[in-house]
Amino acid sequence: MLTIMYERLNNGIYVSHIDVLRALNRTFRRAGIEVAYSQGFNRHMLVNMTQPLPFGIASTQDWVSLENIKRYDCREVLEKFNANCPDYMRGVYCKETVKNPSLSAKINCCSYIISSTNAIKRKEEIENLKKGLVLEYEKKGEKLVKDVTDCIYDIKVKENTIECLLSFGVKNLRIDLLSEHLNKVFDLGIKFSDIVRNGQYIFEDGIFVNSKKYVEGLE
Amino acid sequence: MLKNIDKFLLEVEKPARYTGGEYNTPNMTKPCSVRFCLCFTDIYEVGMSNIGISILYDIINKSENFVCERCFAPWTDMGNILRRENIPLFSIETKKPLKDFDVVGFSVPYEMSYTNILYILDLAKIPFYAKDRDDSYPIIVGGGPVSANPEPIIDFFDAFFIGEGEESDVKFLEIVEKFKGNKAKILEEASKIEGVYVPSMCVFENGRTLTKVKKATVKNLDKAPFPTKPLVPNIEIVHDRSVIELFRGCYAGCRFCQACFFYRPIRYREADTVVGLASQIIKNTGFDELGLSSLSSGDYQDIYKVIADLKKVTEQENVVLQLPSLRLDSFSANLMSSAKRSSLTFAPEAGTQRLRNVINKNITDKDIEESMKLAFEIGYRTVKLYFMLGLPTETDEDILAIADIVRKIKYIYKEVTGRRDLNINVSAAMFIPKPVTPFQWAEQISSEEMYRKQNILKKELFPIKGVHYSWHGAEISVLEGIFARGDRELSKLIEEAYNSGCYFDSWTEKFDRVKWFSAIEKCGIDIVKYTGGREINEVLAWDFIDFGVSKKYLLAEYEKALRGETTNPCKQNCNGCGANKTTACRQFATEKGCKEC
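Read top to bottom, the protein sequences are chains A and F.
Offset between the first sequence (1-based) and the numbering used here: plus 26.
Offset between the second sequence (1-based) and the numbering used here: plus 24.
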């Protein structure tokens, strides 16, 4: 398996998860990286992505794993990837592993940086959200109330940014819901384009391991 | 260049429609003497699937001194934001307002997108009428399939490209480069280019243009440029695949079909050229599907060779090869087994042999039965059937016979497979007489009559299990009929309809019947004048265009139609339509081509 870490910035925030998958398939085909295909009626490239980002949010750490049918030098893969990917994408790391790292199942926590010049004025209140936060939101026209306190692992306000670490996956707190709450309660005027997902983590045995470190450690 | 649009993009559906940055985008910052903005009168997903847009964009950007950018009609959400924020409509690539370009060109694919021309001009803050635009505005040009009769919209344009624009577009831009800043001189010189219609340089009397304009035709399609590095969209588009054009023109000669006569003479790309281009396109785009584009790909002379060779390329690259629009009579087991078996599309167009003879659809009931049998034997389970209602000489018996065909197909399926799970999708379009066809003199039925005929078929098909019936709207067909054979009087109707809120009329959810018909009433437009039958000796609004195919031939075909006589496909023998006067027609019955070549 080849596992590639890539950034999705600029216009990439306007591209949906399914369109990114399509773009990755086309990138591999253009790059001449030979990937295995499923053998069903609708044959498709065997690639795995990590979980989708809400529309409008950039990412500096996204992953795609592919079942290569030919061995490649990882540096060569990155070069080919970057020469053939759309402008909004850039490969930054590649590792060949024996088994599928199954990152989408393992990653259960993500870090985000939110640009906000006003947040510093409400630093204490924002940082206290990890002690208790109940969100009210609408889903498919239905009003929901959810206690998300245990989904916030950390939230820190710095000079011009808010940095937070939120649970992801099965127990999920969407960053767009949190930013909407921050706007509603603290009037911060955060736009989705002010948010960048800068890390994906695996939380095991009480320790957060950055997904890159995890992949680096794989055989 | 506009900098402030990013903050609004997340307010709209599919913002990637407006951001650009597609893979294979050419260098937009190269020094250039003429900047051209190519507009399409529908949304991004439709326009990006248009092969004409792709060809012109490629040709102009390959020219040393010219840059071509794109602009698609923004969907209503974006249009509202542009209005609210007072932002002029801009190009996708550099976000430059349209009014700052040297030339703005519209590709107009169908009549019901006419109001979108005004929508784009309105958002771009450019006056609608050519007469109201001085030298400070870009030159506004048009083209596309509606150039068979541009008269209803010609008042909005400085010039219109009739026919194929591959060669005339670049010649036009060379003139713009030479006389930049002097619109009158540019238009005067441009009127000398074959295929360029400059209304201000033409004699116009009694509601008709009298100066002759010759349709532009690519002489050698095999050598004609075709984009090998087309843009790869960042979002899914209507035809999300690589496309290669096999040939232009059509051998069949169906008498209702404008494309068949408008795109004559028949010119094709050699099989090796097709395969070579396709390999490059697959490599340069990474698309996982390859489609073959032609009016009737099954009639391509080397279709078996091309498919066999393309299959080698596509299988190696894990690309799916798609075959579009196969004619029933070109159908074969070999071809079918080359494609993925999802559903099969056939267009008998009429229910009875008599009416099929009238429209010159050269297929018989026996052909239909044999082809269906073959199709079911190799595993097809879904069939799409296309018919037309309101054809000249049509009777209620012809409509009832459509249901007979459907019942017969169900019976054949049961016979062949022993099963009853066949899905049949029946689609009935309304006949619209189009310019440059033998039926250009024919009458179009009224909307009331359309409803009556649709209901006959609906009632007849309703009891048949597994049949899904869809039909084209009556009112929209009447409007399309008005514009198809319309004249300059209709520009005021388009303006009135747009001002009352009509645009994106080809979108069912956006079409507003009430607004359109009140605009017709307000403008005093006589519907029957446009949809009614025409006198043979009448000067038609598009008679000033030399299409190659002669009016005499079209008339002879019309008379044969009324007598129920057929004409052989020009695959078998040349019928002398006249399209080969300046460009050789490659009907391949003989090595030399047509008898007149």
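For glycine and all other residues, C-beta sits at the position ideal for the given N, C-alpha and C.
So, for residue i: in the same chain, excluding its five sequence neighbours on each side, which residues have a beta-carbon less than 8 angstroms away from its beta-carbon?
i        : result
Lys169/A : Glu162, Tyr163
Asn599/F : Gly277, Tyr577, Thr591, Asn592
Ser87/F  : Val194, Leu197
Gly510/F : Asn173, Glu175, Pro176, Tyr554, Ala565
Met27/A  : Ser91, Leu92, Glu93, Asn94, Glu122, Thr123, Val124, Lys125, Asn126, Pro127
Just to confirm, are residue i and residue j a CB contact at a threshold of 7 angstroms?
i        : j        : result
Pro289/F : Thr591/F : no
Val220/F : Ile164/F : no
Ile19/F  : Pro133/F : A question about residue 19/F goes unanswered here, because the residues of chain F that appear run from 25 up to 621.
Leu446/F : Lys434/F : yes
Asn209/A : Ile216/A : yes
Asp567/F : Lys238/F : no
Val440/F : Glu393/F : no
Thr139/F : Cys526/F : yes
Glu484/F : Arg537/F : no
Quick one: residues in its chain with C-beta nearer than 7 angstroms to the C-beta of residue i, no 5 flanking neighbours on either side, listed in chain order?
i        : result
Tyr324/F : Leu270, Phe271, Tyr292, Ser318, Val330
Ile139/A : Thr187, Glu189, Val222, Asn224
Leu517/F : Ala543, Ile544, Cys547, Ile549
Leu203/A : Leu161, Tyr163
Phe194/A : Gln77, Ile133, Asn134, Cys135, Cys136
With a cut-off of 7 angstroms, does the C-beta of residue i fall near any C-beta of chain A?
i        : result
Thr417/F : no
Ala40/F  : yes
Tyr410/F : no
Tyr47/F  : yes
Leu255/F : no
Leu368/F : no
Val258/F : Reading the sequence as shown, one finds Asn at residue 258/F and not Val. So yes, Asn258/F belongs to the interface.
Thr43/F  : yes
Val342/F : At residue 342/F the sequence reads Asn, which differs from the Val that was named. True, the Cβ-Cβ gap to chain A drops below 7 angstroms.
Leu637/F : Since the first and last residues shown for chain F are 25 and 621, residue 637/F lies out of range.
Gly403/F : no
Quick check on residue i - is its C-beta less than 7 angstroms from some C-beta in chain B?
i        : result
Arg116/A : Included in the structure are the protein chains A and F, with no chain B among them.
Applying the 10 Å Cβ sphere with the 16-neighbour rule, what's the burial state of residue i?
i        : result
Asn51/F  : exposed
Tyr42/F  : buried
Val171/A : exposed
Ile95/A  : exposed
Asp159/F : exposed
Ala208/F : exposed
Gly187/F : buried
Val242/F : buried
Ile79/F  : buried
Ile233/A : exposed
Val91/F  : buried
Pro39/F  : buried
Lys106/A : buried
Glu102/A : exposed
Gln340/F : exposed
Leaving out the 5 sequence neighbours to the left and right, which residues in its chain are closer than 6 angstroms to residue i when beta-carbon positions are compared?
i        : result
Ser57/F  : Asn89, Glu201
Glu421/F : none
Trp89/A  : Met31, Thr76, Leu129
Glu313/F : Arg265, Val344, Gln346
Val174/A : Leu159, Leu161, Leu199
From the beta carbon of residue i, is the nearest beta carbon of chain F less than 7 angstroms away?
i        : result
Val41/A  : yes
Asn63/A  : One point to set straight first is that residue 63/A is Tyr, not Asn, in the sequence displayed. Cβ-Cβ to chain F under 7 angstroms: yes for Tyr63/A.
Phe107/A : no
Pro78/A  : no
Phe229/A : no
Arg223/A : no
Arg52/A  : yes
Asp45/A  : yes
Arg200/A : no
Asp180/A : no
Is residue i near the ligand NAP, in the sense that its beta carbon is under 6 angstroms from a heavy atom of that ligand?
i        : result
Gly602/F : Questions concerning the ligand NAP fall outside what the structure shown contains, since it holds no ligand whatsoever.
Examine the Cβ distances between the stretch 259-269 of chain F and the stretch 65-85 of chain F and report whether three or more of them are shorter than 8 angstroms. At 8 angstroms Cβ cutoff, the stretches touch.
Pairing CB atoms from the stretch 233-243 of chain F with CB atoms from the stretch 557-572 of chain F, are three or more of them under 8 angstroms? yes
Cβ contact (3+ pairs, closer than 8 angstroms) linking the stretch 148-157 of chain F and the stretch 484-492 of chain F: Cβ pair count under 8 angstroms is below three, so no.
Flag this pair as touching only if the stretch 405-413 of chain F and the stretch 571-586 of chain F have three or more C-beta atom pairs under 8 angstroms; answer yes or no. Per the Cβ contact rule, the stretch 405-413 of chain F is not in contact with the stretch 571-586 of chain F (fewer than 3 Cβ pairs under 8 angstroms).
On the three-pair Cβ rule with 8 angstroms, is the stretch 454-462 of chain F touching the stretch 501-509 of chain F? The stretch 454-462 of chain F vs the stretch 501-509 of chain F: in contact.
Does the stretch 101-111 of chain F come within contact of the stretch 31-42 of chain F, defined as at least 3 CB pairs closer than 8 angstroms? yes
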